[in-house]
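Report on the following structure.
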Amino acid sequence: MKIIPLPTPVDIDQPTTIRSTITPSFDGAPCRRCLKDASLNEDVLLISYNPFLPENQDTPYSGLGPIFVHANDCTLYDGSEDNTLGLPEKYHSRLLNVRAYDAGNMMVWYKVLEGTKLMETLEGEVFGDKELEVEYVHVHFTGPGCFAFKVVP
């Protein structure tokens with residue numbers, strides 16, 4: 415299985431884009447390109463993003479949602495570092511909403527999981543169940559509902 419972060423570059427020139435600086439009272443801003451949390455005093459952009467575009471436009475599940483990215487370029491996550499249990503350690507303690515889709519871009523499975531259980535569950539219950547015919551999975555943060563990343567077999 416492979417985690418696929420946002421494509422780079424993302425459209426940061428949307429009229430709805432907001433630039434923020436991380437402060438002590440700001441409760442986390444995980445960048446969707448490098449999959450690392452932004453640091454104190456670091457600039458981030460809050461943008462609208464549709465994880466189904468451009469290739470999967472034919473689904474009623476398609477829609478924009480807010481995500482954070484570093485304001486400055488960062489290295490796209492490739493799984494080569496900070497990769498315990500198949501995903502970055504920062505995601506282990508997060509509650510994740512997991513949605514699996516078939517080739518027709520229809521949801522065929524969903525579950526809320528602790529980050530530590532994500533890859534094991536996807537391997538066994540999702541990609542391991544051939545009757546589901548799962549093509550890809552979208553992972554969202556449970557509280558705010560923001561898109562986190564995509565997983566493919």
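So the sequence shown is numbered by our numbering: it starts at 415 and just counts up by one.
All C-beta atoms in this analysis are idealised placements derived from N, C-alpha and C, irrespective of residue type, glycine included.
Since we're looking at a predicted model, the values are computed, not measured.
Do residue i and residue j have their CB atoms nearer than 8 Å?
i       : j       : result
Leu-532 : Val-512 : yes
Gly-493 : Ile-432 : no
Met-415 : Gly-500 : yes
Leu-510 : Leu-527 : yes
Nearest to residue i by alpha carbon, out of the options?
i       : options                            : result
Ala-443 : Asp-427, Phe-466, Tyr-475, Lys-504 : Lys-504
Arg-447 : Gly-518, Phe-561, Leu-536          : Phe-561
Phe-570 : Phe-482, Ile-436, Asp-425          : One cannot answer for residue 570 here, as it falls past the ends of the chain, which runs 415 to 567.
Helix, strand or coil: which one does DSSP assign to residue i?
i       : result
Asp-451 : strand
Ser-434 : strand
Val-424 : coil
Leu-467 : coil
Leu-460 : strand
Pro-444 : strand
Would residue i count as contacting chain C if we go by Cβ distances under 8 Å?
i       : result
Thr-498 : Absent from the structure is chain C; it holds one protein chain and no more.
Return the chain-ordered ranges of every alpha helix (DSSP H) run that is complete within the segment 480-564 and spans a minimum of 4 residues. 532-535
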